[in-house]
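To start, the structure under review is shown below, and the notes come after it.
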Amino acid sequence: MRMDFLEIEQFRGIRGLELKQLGDVNLLLGDNDSGKTNVLEAIKMFEAPDDIDAIIRNASTRTPSIRSIARDNYTPLEYLLSIFPFAQRYKQVMMSAGIDGEICKFAIEGELAHILRPVPEQEVRGIYPREKRMNMLLTEQEVLAFHGKLYSNEESSPVEIDEFYRPQIFLRRAQSFLPIVYMSPGEHLPVRNNFSIYRTSKVQEGEIVKLLQLIDPEIEGYKLLPNSTTGSSNQTIEHKRFGNVPLYACGDGMKKVLSLAANIMEAKGGILLIDEIETSL
Numbered sequence: 001m002r003m004d005f006l007e008i009e010q011f012r013g014i015r016g017l018e019l020k021q022l023g024d025v026n027l028l029l030g031d032n033d034s035g036k037t038n039v040l041e042a043i044k045m046f047e048a049p050d051d052i053d054a055i056i057r058n059a060s061t062r063t064p065s066i067r068s069i070a071r072d073n074y075t076p077l078e079y080l081l082s083i084f085p086f087a088q089r090y091k092q093v094m095m096s097a098g099i100d101g102e103i104c105k106f107a108i109e110g111e112l113a114h115i116l117r118p119v120p121e122q123e124v125r126g127i128y129p130r131e132k133r134m135n136m137l138l139t140e141q142e143v144l145a146f147h148g149k150l151y152s153n154e155e156s157s158p159v160e161i162d163e164f165y166r167p168q169i170f171l172r173r174a175q176s177f178l179p180i181v182y183m184s185p186g187e188h189l190p191v192r193n194n195f196s197i198y199r200t201s202k203v204q205e206g207e208i209v210k211l212l213q214l215i216d217p218e219i220e221g222y223k224l225l226p227n228s229t230t231g232s233s234n235q236t237i238e239h240k241r242f243g244n245v246p247l248y249a250c251g252d253g254m255k256k257v258l259s260l261a262a263n264i265m266e267a268k269g270g271i272l273l274i275d276e277i278e279t280s281l
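The working numbering applies: residue 1 is where the sequence shown begins, and numbers increase by one.
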C-alpha cells in the first residue's frame, strides 16, 4: 500500500495542508509544536475511517495507555473532541488521501449539546463492570453529547457519543481496514508490544539479530521463556557470556530495535509512521 498525497482541510490545529508526490520514505521536518505529530495522526485516521471506535482509539495515541480507554483520565468523548480545532463551535474535520491510486475521503462533523438520559449508577461513580446486568440501577443524568455524521468516501453514518460512551476495548478490523501502524517515541519503554517478532521466519530472525549485534556483538538471539509463576512468557536476549538476559534489564538500544522490528512486521503491506525518529531511535 502506498499513499501518494495527503490533503488536510481541517484536523486539530492544521488547516489547508497539502503534501504531494509522496514517496516510499518521507521525512517531515519542522519546529517543535508545528504540527508534525498531527500530520501522522491524520494519516492514522485512514486506517478504518468508517469505524467510530477506531477513530476514538486512534485519537488517543499520545496517551500512555491506549489499550484501555476506560482506565485513562480522559473519556472517549474527550478523545473524539481532540481531533477538532479548539475554537470551533460547529465541529468539523475534513481530509483526503491518495492510496494505491484511489482517492479516499474522510470527514466528521457535528455539534455538542447537553441531553438527559439514564446512566447506570455504577458508571456515574466511575465503575465499568465487564458485563451489563439487567437489574442495574439507573439514574437520569444530564450529559454532554456529540451529535453528527461520519463520512467515509461516499458513505455516511450517524454519530452519537456522550460522556459515558464505551468503545470496544480492542480495535476491530472494519471492512475498509488499512494496515497503518503508528510508533510513538516512548513505545519501547513498556517492553510489552514486541511479541510479533517471535513469530518470524528464520531469515527475518537472522536480520533482527544482526541489528542487535550492532549494539552488542555477543548477542546470539532472542526468545520467549515460560514464566512458571505468572503462567505467561518472558522476553529474553540470548547472550554469549551472560546467558538468557531479561529484555527489561537491557538498555534502550535493544528495546528500540525490537520495537521497530515488531512495528515493521505489523505494517507489512501498509504504512509505518515513526514519530520523532531522531530521538526514539
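For every residue, glycine included, the Cβ atom is placed at its ideal position computed from N, Cα and C.
- Bounds of any alpha helix (DSSP H) do not take in residue 269, whose DSSP letter is neither H nor E.
- In the structure shown, the three-state DSSP call for residue 4 is strand.
- Here residue 240 carries a coil assignment [DSSP, helix/strand/coil].
- Residue 92 has its alpha-carbon roughly 11 Å from the corresponding atom of residue 15.
- Around the beta carbon of residue 116, fewer than 16 other beta carbons lie within 10 angstroms, which makes this residue exposed.
- If the five residues before and after residue 38 are omitted, its C-beta is found closer than 7 Å to the C-beta atoms of 11, 12, 13 and 14, all from its own chain and listed in chain order.
- With respect to the C-alpha of residue 267, the residue from 187, 47 and 29 having the closest C-alpha is 47.
- Sixteen is the threshold: since fewer than 16 other Cβ atoms of the shown chains lie within 10 Å of the Cβ of residue 277, the residue is exposed.
- Following the DSSP letters along the chain, one finds residue 42 inside the alpha helix (DSSP H) bounded by residues 36-44.
- Counting only the Cα atoms, residue 211 lies some 17 Å from residue 235.
- Rounded to whole angstroms, residue 52 and residue 140 show a C-alpha spacing of 25 Å.
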